[in-house]
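Asks: Start counting the sequence shown at 12; every next residue gets the next number (the working numbering). Here a beta-carbon is modelled for each residue, glycine too, at the ideal position from N, C-alpha and C. This structure is in structure tokens; I'll ask about it shortly.
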Amino acid sequence: MSAQFACAVTDVAVSGTRRVELEGTRGTVEVAVVRDANGDLHAINDVCSHGAVSLSDGDVDGTTLECWLHGSVFDLSTGKPLSLPATEPVPVYPLTVVGESVFVDVDAPKEN
Ligand code: FES
């Protein structure tokens, strides 16, 4: 499967998130589409690598996303945790904007 429609650009406010479910070749993938403080869009797996809660319920700070449960901070470009307790990265996905639409390819996570 290739990039698929995730949401409209206007669905995601600056420093905001939007949770979407996309169908990958291995099943449904929960994705947080996030607009960082600079206005750039990112697609990161919505499941925290520490406690399996929804990262889209967390807080965007600059170019990072903070898990609401225990406070691990994830880099939105790489998915890597920048603070404990999470130690494993969260997958991030290629995102493209075509017109007013956001497309994400959940079958091609970025190598970081
Ligand atoms: S569940 Fe996200 S840091 Fe613990």
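1. Does the contact criterion of 3 or more C-beta pairs under 8 angstroms hold for the stretch 28 to 48 versus the stretch 63 to 77?
2. Can you tell me whether DSSP reads T137 as helix, strand or coil?
3. Is it true that the stretch 107 to 117 meets the stretch 16 to 32, where meeting means three or more beta-carbon pairs spaced less than 8 angstroms apart?
4. Below 8 angstroms between beta carbons: does that hold for P96 and H53?
5. Using three-state DSSP, classify V117 as helix, strand or coil.
6. With distances taken Cα to Cα, identify the nearest neighbour of C59 among C78, N49 and A48.
7. Leaving out the 5 sequence neighbours to the left and right, which residues in its chain are closer than 8 angstroms to E111 when beta-carbon positions are compared?
8. Would you identify the three-state DSSP class for L80, choosing helix, strand or coil?
9. Between which two residues does the beta strand (DSSP E) containing D70 stretch?
Replies: Checking against the coordinates, here is how it stands:
1. yes
2. This structure cannot settle anything about residue 137, because the visible part of the chain is limited to 12 through 123.
3. Yes, the stretch 107 to 117 touches the stretch 16 to 32.
4. no
5. In the structure shown, V117 falls within a coil segment according to DSSP collapsed to helix, strand and coil.
6. C78
7. A19, V20 and T21
8. The DSSP-derived three-state label of L80 is coil.
9. Taken as a continuous stretch (DSSP letters only), the beta strand (DSSP E) holding D70 covers D70 to D72.
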